[in-house]
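The next block holds one structure in the form of structure tokens; read it before the comments.
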Amino acid sequence: MEAEAANIVDRAARICARRGERFTPLRRRILELIAAAGRPVGAYELKDQLGAERGPVAPPTVYRTLDFLDGQGLIHRIHSKNAYVVCAQAEAAHSAELLICRACGRVAELPCKALEQHLIDHAATLGFAVEAVCVEVAGICSDCRDKAATAA
Numbered sequence: 001m002e003a004e005a006a007n008i009v010d011r012a013a014r015i016c017a018r019r020g021e022r023f024t025p026l027r028r029r030i031l032e033l034i035a036a037a038g039r040p041v042g043a044y045e046l047k048d049q050l051g052a053e054r055g056p057v058a059p060p061t062v063y064r065t066l067d068f069l070d071g072q073g074l075i076h077r078i079h080s081k082n083a084y085v086v087c088a089q090a091e092a093a094h095s096a097e098l099l100i101c102r103a104c105g106r107v108a109e110l111p112c113k114a115l116e117q118h119l120i121d122h123a124a125t126l127g128f129a130v131e132a133v134c135v136e137v138a139g140i141c142s143d144c145r146d147k148a149a150t151a152a
């Protein structure tokens with residue numbers, strides 16, 4: 001997981017440089033923590049981890065950093081959990097279609113341009129201008145289903 005987290009952070013640094021955005025040490029560290037977790041991570045958990053490393057960190061500082069990372073498409077906010085995960089498709093602008101396992105909490109990103117376009121088109125028929133699409137689908141992942149089947 002460490003090598004994967006390092007690759008995610010290196011990719012983010014390149015994306016920010018290409019866009020002329022600063023990838024500060026705090027932005028880097030928060031992305032490292034999210035990537036290393038391999039699961040959704042809340043802002044206060046990040047605050048506590050940073051506090052243990054660097055001393056007290058104010059919640060607004062963490063939230064501003066998360067807003068930056070989200071705004072750059074480097075992470076996704078999971079609204080139903082008020083937590084964050086690394087974006088698997090950070091190079092290209094896209095909506096967030098997330099599959100969330102209710103048993104283990106694992107999150108998989110399911111890029112689906114057709115679903116995004118369908119939602120945008122349908123919203124337009126109702127006179128609604130979509131600014132962002134985020135779809136969260138709750139269910140049970142295959143690993144958890146397999147575990148349940150073998151336990152039964």
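Counting in the numbering used here, the sequence shown runs from 1 upward without gaps.
Positions of the beta carbon are idealized from the N, C-alpha and C atoms, including for glycine.
Exposure label - residue i; buried when at least 16 CB within 10 Å
i: E97; result: buried
i: V137; result: exposed
i: C16; result: buried
i: F128; result: exposed
i: R27; result: buried
i: C87; result: buried
i: P111; result: exposed
i: A6; result: exposed
i: E4; result: exposed
i: V62; result: buried
i: L126; result: exposed
i: S80; result: exposed
i: S142; result: exposed
i: E91; result: exposed
i: E116; result: buried
Simplified DSSP assignment, three categories, for residue i
i: E53; result: helix
i: G139; result: strand
i: A201; result: A question about residue 201 goes unanswered here, because the residues of the chain that appear run from 1 up to 152.
Cβ separation of residue i and residue j, assumed to be a contact under 8 angstroms, to the nearest whole Å
i: R77; j: D70; result: 6 angstroms
i: P59; j: A43; result: 7 angstroms
i: L33; j: L46; result: 6 angstroms
i: L99; j: G139; result: 7 angstroms
i: V107; j: P40; result: 6 angstroms
N-terminal and C-terminal residue of the alpha helix (DSSP H) that residue i is part of
i: L74; result: Segment: none, L74 is in no alpha helix (DSSP H) and carries neither H nor E.
Exercise for review: For the segment 3-53, list the alpha helix (DSSP H) runs that are entirely contained and at least 4 residues long, ordered along the chain.
Suggested key: 25-37
Point to revise | Segments assigned beta strand (DSSP E), at least 3 residues, entirely inside the segment 87-134 | key: 96-101 and 107-109
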